[in-house]
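Student: Take 3 as the starting number for the sequence shown in our numbering and just add one per residue.
Backbone N, C-alpha and C fix where the C-beta goes; we use that ideal spot for every residue, glycine too.
Here the structure is a predicted model, which is why all the values come from computation and not from measurement.
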Amino acid sequence: MTDASLVEEIHTLHTETIAAVEQRQTLAVEARSALIAALHDRLICRPGCEDALATWGLEPLPQQWTISAEAQLSFTRSHTDHEEARAQARFGVPDELRQLQPPMAVYPRRVIDVTPAPNGTDRPGPQQCRITVQVTLHTWVTATREADAYDAARTMVEGHLPALAAAGITLTGLTWQAADSSDDVPVDDVDTAMPPVAGVMQLSDADDLAAATVARDAAIKSLAGLRRSIRARAIRALVDDEIGGSYQRTAERVDRFLVDLGLDRLPRAHHVTVVAELTLPVGAGTARDACDAARNMMRAATSSGPDETRPWTAYGWTIPEYATVDQDCWRIPWRHEYEMWRRGHATSADATATAEALVRADLARALPGIDHRLITVTATVETAGIDLYLDPDRD
């Protein structure tokens, strides 16, 4: 490989890496925004939203944090004497603190010092006193993580300091305490706006072909992993009935959610009911005994739910009054109904033809060596839409 072709190949790898990283960043932002919008519209519950964000490794929902700190508050106020200054310092703080926006609550804990203010006078009457008090302060911030809440609280308090200093008030010795337990932000206050996507990534080992290949493969794998995770969690919510409403309407909402994110649509299928009318030969004493024997015989063709080998539900019944005698045995009429969802058929006719063939094959398998008489097999498409039986790991 020539130097020129090597440079070109590395450049191509870097371009593919950056494209995959940017696509993943965009997908993460759009998925989080769409999920929060669904939460706003009451289409999903908060725990489900939080679980999906955690599963996808995305930024969690914001919380309301109470952040506390210990500090020394100093200010100058006019008092009639030293004792009054000390007494009032234990129970009140300057009004300027109560007027701050964003708000900050300050509670005196212990009076440290009360001294006459510089340039004071010795004349009778109110005197200016410099008061220093140990205080606890609380701030309230909205953030997705505790560390971010601490940073926001520090920034807010530090932003207040210049205005307080201009009023002769100082806060020093700030010691931040462990955050109190967070509270949920009301759903309607959770911002659905999409934050800006991070800037273009910086690639290291710009001239190393192996490193460029590894970086490209990792970026593509990460993008594909997020796509799979989003799709699987959305299907899991549908399969586990996490989202209320009729199945098809809910499935269409999930489908639209996926399509809007650039993911594949959910698999479509025809919902087909197949009715098989047959008779079974049973040698038994009474008609009721014969019906019981027929019921046991048909257990092999009964299925309470779809599985790998029989992707349908199937059950049947008979009525003793319809039993007839045929030479040396009873002939028991039986009605067996199959319900299935068939994928990959362009028309209803194709779906019903496939379903009928499956039923005939299943009855032949379930009744080997039994002289059953299949009278009619009727297949009907009930509806067409998103498949009822989805697998989060495969679909």
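Quick test of the definition: if touching needs 3 or more C-beta pairs under 8 Å, does the stretch 27-44 touch the stretch 56-64?
Tutor: Yes: at least three Cβ pairs fall under 8 Å.
Student: Near Pro104, which residues of its chain fall below 6 Å by C-beta distance, leaving aside the five closest residues on each side in sequence?
Tutor: Only Met158 meet the Cβ criterion.
Student: For Met299, which residues from the same chain have a beta carbon less than 8 Å from its beta carbon, with the 5 sequence-adjacent residues on both sides left out?
Tutor: Hits under 8 Å: Leu282, Val284, Leu369, Ile372.
Student: Using only alpha-carbon positions, find the residue among Leu139, Leu240, Ile69 that is nearest to Leu390.
Tutor: Closest by alpha carbon: Leu240.
Student: Taking only the alpha-carbon atoms, compute the straight-line gap between Arg337 and Glu279 and give it to the nearest angstrom.
Tutor: Taking the straight line from one Cα to the other gives about 5 Å.
Student: Give the DSSP-derived three-state secondary structure of Gly387 in the structure shown.
Tutor: Note: Gly387 maps to strand in three-state DSSP.
Student: Looking at C-alpha atoms only, which residue of Ala271, Ala195, Trp319 is the closest neighbour of Glu384?
Tutor: Cα-wise, what sits closest to Glu384 is Ala271.
Student: Per DSSP, what kind of secondary structure is Val95 in: helix, strand or coil?
Tutor: In this structure, Val95 counts as coil in the three-state DSSP scheme.
Student: Does the distance from the C-beta atom of His13 to that of Leu102 stay below 7 Å?
Tutor: Taking 7 Å as the Cβ cut-off, His13 and Leu102 do not qualify as a contacting pair.
Student: In chain order, what are the residue ranges of uninterrupted beta strand (DSSP E) at least 3 long that sit wholly in the stretch 160-239?
Tutor: The stretch 160-239 contains these whole beta strand (DSSP E) runs: 172-178.
Student: Kindly indicate which residue of Gln129, Tyr340, Ser76 has the alpha-carbon position closest to the one of Val108.
Tutor: When only C-alpha atoms are compared, the closest one is Ser76.
Student: Pro110 to Ala91, Cα distance in whole Å?
Tutor: Distance between the alpha carbons of Pro110 and Ala91 is about 7 Å.
Student: Going by beta-carbon coordinates alone, are Gly175 and Ala73 separated by less than 7 Å?
Tutor: Yes, they are a contact pair.
Student: Does the stretch 257-272 come into contact with the stretch 302-316, if we say contact requires no fewer than three beta-carbon pairs (one atom in each stretch) closer than 8 Å?
Tutor: The stretch 257-272, when compared against the stretch 302-316, does not touch it at the 8 Å Cβ threshold.
Student: Measuring CA to CA, which of Val116, Ala145, Glu11, Glu86 is closest to Trp67?
Tutor: Taking only the C-alpha atoms, the option nearest Trp67 is Ala145.
Student: What is the DSSP secondary structure of Glu61, reduced to helix, strand or coil?
Tutor: Looking at Glu61 - three-state DSSP - the assignment turns out to be coil, as it is neither helix nor strand.
Student: Which of helix, strand or coil does DSSP assign to Thr14?
Tutor: The answer is helix: DSSP assigns Thr14 an H, G or I state.
Student: Go ahead and pull the three-state DSSP assignment for Ala348.
Tutor: Residue state, collapsed to three classes: coil.
Student: Can you tell me whether Asp210 is buried or exposed? The criterion is at least 16 other CB atoms within 10 Å of its CB, across all chains shown.
Tutor: Asp210 is exposed by the Cβ-count criterion.
Student: Pick from Ser231, Asp395, Met342: whose alpha carbon is nearest that of Ala54?
Tutor: Ranking Ser231, Asp395, Met342 by Cα distance to Ala54 puts Ser231 first.
Student: Val143 bridges to which residues according to DSSP?
Tutor: Bridge partners of Val143: Trp67.
Student: At the level of alpha carbons, what is the spacing between Leu84 and Cys131?
Tutor: Per the sequence shown, the amino acid found at residue 84 is His instead of Leu. Going from the Cα of His84 to the Cα of Cys131 covers about 8 Å.
Student: Between which two residues does the alpha helix (DSSP H) harbouring Asp309 extend?
Tutor: That residue, Asp309, is in no alpha helix (DSSP H); it is neither H nor E in DSSP.
Student: DSSP three-state label for Glu323, please.
Tutor: Glu323 falls in the helix class under three-state DSSP.
Student: Would you mind stating whether His16 and Ser70 have Cβ atoms separated by less than 7 Å?
Tutor: Cβ distance not < 7 Å, so His16 and Ser70 don't count as in contact.
Student: Let me confirm a value: Ile38 is counted as buried when at least 16 other C-beta atoms fall within 10 Å, else exposed. Which label applies?
Tutor: It is buried - the Cβ of Ile38 has at least 16 other Cβ atoms within 10 Å.
Student: By Cβ distance below 6 Å, which residues in the same chain neighbour Val327 in space, the five residues on each side in sequence not counted?
Tutor: Cβ neighbours of Val327 beyond the five flanking positions: none.
Student: For Leu360, is the classification buried or exposed, using 16 other Cβ atoms within 10 angstroms of its Cβ as the cut-off for buried?
Tutor: Looking at its Cβ environment, which holds 16 or more other Cβ atoms inside 10 Å, Leu360 is buried.
Student: For His374, which residues in the same chain have their Cβ closer than 6 Å to its Cβ, ignoring the five residues on either side in sequence?
Tutor: The answer, listed in chain order, is Leu280, Leu282.
Student: Can you find the residues in the same chain that come closer than 7 Å, C-beta to C-beta, to Ala292, ignoring five residues on each side of it along the sequence?
Tutor: Within the same chain, Ala292 has close Cβ partners Val284, Ala286, Ala325, Trp332, Ile334.
Student: DSSP three-state label for Cys131, please.
Tutor: The answer is strand: DSSP assigns Cys131 an E or B state.
Student: Assuming Thr380 contacts Val274 under a Cβ cut-off of 8 Å, what Cβ separation, rounded to an integer in Å, is found between them?
Tutor: No, Thr380 and Val274 are not in contact; Cβ-Cβ is about 11 Å, not under 8 Å.
Student: By the three-class DSSP mapping on this structure, what secondary structure does Val110 have?
Tutor: The sequence given here places Pro at residue 110; Val does not occur at that position. Strand at Pro110.
Student: Could you work out which residue in Trp178, Pro188, Met106 is closest to Cys47 when comparing CA atoms only?
Tutor: Checking every option, the nearest Cα to that of Cys47 belongs to Pro188.
Student: Would you say Glu384 touches the ligand ADP, meaning its beta carbon is less than 6 Å from a heavy atom?
Tutor: The model depicted lacks the ligand ADP and carries no ligand whatsoever.
Student: Excluding the 5 residues flanking Val113 on each side, which residues of the same chain have their C-beta closer than 6 Å to its C-beta?
Tutor: Same-chain partners within the cutoff: Arg88, Ala91, Arg92, Val135.
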